[in-house]
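One structure is given here, and the rest of the page talks about it.
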Amino acid sequence: MKKKWWTEADDAFLRANLNTMTDREIGQALGRSKSSIRNRLTKLRITRPAEVRARMMQKTRFRKGQASWNQGMKGLRMSPRTEFKKGNKPASTKHDGAITIRNRNQTPYQYIRISECNWRLLHRKVWEDANGPIPRGHVIRFKNGDTLDVRLENLECISRSEHAMRNQNREKARKTLVESDSYIISRLAPRDKHLQEKLRHFPHLVELKKEQLKLKRAIREAEREA
Numbered sequence: 412m413k414k415k416w417w418t419e420a421d422d423a424f425l426r427a428n429l430n431t432m433t434d435r436e437i438g439q440a441l442g443r444s445k446s447s448i449r450n451r452l453t454k455l456r457i458t459r460p461a462e463v464r465a466r467m468m469q470k471t472r473f474r475k476g477q478a479s480w481n482q483g484m485k486g487l488r489m490s491p492r493t494e495f496k497k498g499n500k501p502a503s504t505k506h507d508g509a510i511t512i513r514n515r516n517q518t519p520y521q522y523i524r525i526s527e528c529n530w531r532l533l534h535r536k537v538w539e540d541a542n543g544p545i546p547r548g549h550v551i552r553f554k555n556g557d558t559l560d561v562r563l564e565n566l567e568c569i570s571r572s573e574h575a576m577r578n579q580n581r582e583k584a585r586k587t588l589v590e591s592d593s594y595i596i597s598r599l600a601p602r603d604k605h606l607q608e609k610l611r612h613f614p615h616l617v618e619l620k621k622e623q624l625k626l627k628r629a630i631r632e633a634e635r636e637a
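Numbering-wise, this note's numbering puts 478 at position 67 of the sequence shown, and it's gapless, one number per residue.
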C-alpha cells in the first residue's frame, strides 16, 4: 500500500479541529486511520486539554440501553456445511465398556470406561464385581506380577501394610513382571488389542523381546556395579 504523506494542510486541519472532533472523525475527514491520527499527534507533541479528553470520552462511550453494532448477529460462519453439529463426537470417542491401556510410573494398567469422563482401573472393577467394595486401607494386587492379567483368580485384596512389605524387594517383582508374556505383548503392541491377540500366536517374537529386556537389565546392573 502506497504511503500517504502528511501535508501542511493536513496538519493545519488537525490542529484546527483537535478540540471538536474525535480521532476517528478527523481520520475519516482526511482519509486516514484512527491510529494514523494518534501517531501524528504524538509526533507533533500535541495533546488535548483534560476537559476536552473527558468530553471526547463521554461522546464515544456506550450509553445505557444503546444497542451494539453486532446485536442479533450469530457470528461469522465461514463454512456452515463443515461445522461440527451439536452433539457431534469425534471418531476416536470411546464408549461405555471400552478398555484402554495406560502407563502409570512405567507400568501398564487397563482402564474401563464406566461413563463419559469416568474411567476406572479394570482390575479393581473385576474384583469389586465379584466381592463388593474394596475395604478401606486395602489394595488389589496381581498374584503373578502381571498388571495386564485381570483374571479374578490372579487378583488378591491385601492391606497396604502387607503390600508395602511385599514391595521391599522391587527388583524381584520387576523380574517377575518382565517374565510375563502379557507384559511383553503389551510392550510390543501398546493400545492395540487386535495385534496383541495375534502376537500370542508367535511365542518366538515374545521370547525375543523378553531376552532384549533381560539384556538391557543386565547392562544396567553391570553399569551400576562398575
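Built from N, CA and C at the ideal position, the CB exists for glycine as well.
Given Gly508 as reference, the closest of Tyr520, Trp530, Lys627, Thr453 once Cα atoms are compared: The residue among Tyr520, Trp530, Lys627, Thr453 with its C-alpha nearest the C-alpha of Gly508 is Trp530.
On the premise that Asp421 lies in contact with Leu452, defined as a C-beta separation below 8 Å, what is that separation, rounded to the nearest angstrom? The distance from the Cβ of Leu452 to that of Asp421 is about 12 Å, inconsistent with a contact at the 8 Å cut-off.
Is the Cβ-Cβ distance between Ile512 and Arg635 less than 7 Å? Result no, Cβ atoms of Ile512 and Arg635 do not sit closer than 7 Å.
Nearest to Glu573 by CA position, among Asn514, Tyr520, His549, Leu563, is which residue? Ranking Asn514, Tyr520, His549, Leu563 by Cα distance to Glu573 puts His549 first.
Leaving aside the five residues before and after Ala541 along the sequence, list all residues of the same chain whose C-beta is less than 7 Å from its C-beta, in chain order. Within its own chain, the residues whose Cβ lies closer than 7 Å to the Cβ of Ala541, once the five positions on either side in sequence are excluded, are Leu563, listed in chain order.
8 Å contact criterion, which Arg459 and Asn430 should meet: CB distance rounded: About 6 Å; that satisfies the 8 Å criterion.
Report the residue from Tyr522, His605, Arg456, Ile569 whose alpha carbon sits nearest the alpha carbon of His506. Of the candidates Tyr522, His605, Arg456, Ile569, the one whose C-alpha sits nearest the C-alpha of His506 is Tyr522.
Run through the region 416-492 for me and flag every whole alpha helix (DSSP H) of 4 or more residues, listed as ranges in chain order. Segments of the alpha helix (DSSP H) lying fully in the region 416-492: 419-428, 434-441, 445-454, 461-471.
Between Ile510 and Ala478, what straight-line distance do the alpha-carbon atoms span, to the nearest angstrom? Per the coordinates, the alpha-carbon of Ile510 lies some 52 Å from the alpha-carbon of Ala478.
For Pro519, which three-state DSSP category applies? Pro519 sits in a strand when the DSSP states are folded into three classes.
Could you name the residues of the same chain whose beta carbon sits closer than 7 Å to that of Arg598, not counting the 5 residues immediately before and after it, in chain order? Hits under 7 Å: Lys620.
For Thr493, is the classification buried or exposed, using 16 other Cβ atoms within 10 angstroms of its Cβ as the cut-off for buried? Exposed, by the Cβ-count rule.
Can you grab the Cα-Cα spacing for the pair Glu655 / Val617, in whole Å? The question about residue 655 has no answer here: the residues shown for the chain are numbered 412 through 637.
Measure how close the beta-carbons of Val561 and Leu533 come, nearest whole angstrom, since I'm counting them as under 8 Å. About 5 Å separates the beta carbon of Val561 from that of Leu533, a gap short enough to meet the 8 Å contact definition.
Could you pull the start and end residues of the alpha helix (DSSP H) that Leu533 belongs to? Run containing Leu533: 533-542, per the alpha helix (DSSP H) assignment.
Based on the DSSP secondary-structure assignment, which residues constitute the bridge partners of Thr511? In the DSSP output, where bridge partners are listed per residue, Thr511 has Tyr522.
Checking 7 Å against the spacing of the C-beta atoms, do Asn565 and Asn578 come in under that value? No, the Cβ-Cβ distance between Asn565 and Asn578 is not below 7 Å.
Whole-number beta carbon distance between Lys415 and Arg443, since they are thought to touch under 8 Å: At roughly 7 Å, the Cβ-Cβ gap stays under 8 Å, so Arg443 and Lys415 are in contact.
Hey, how far is the Cα of Arg435 from the Cα of Ile457? Straight-line Cα distance between these residues: approximately 16 Å.
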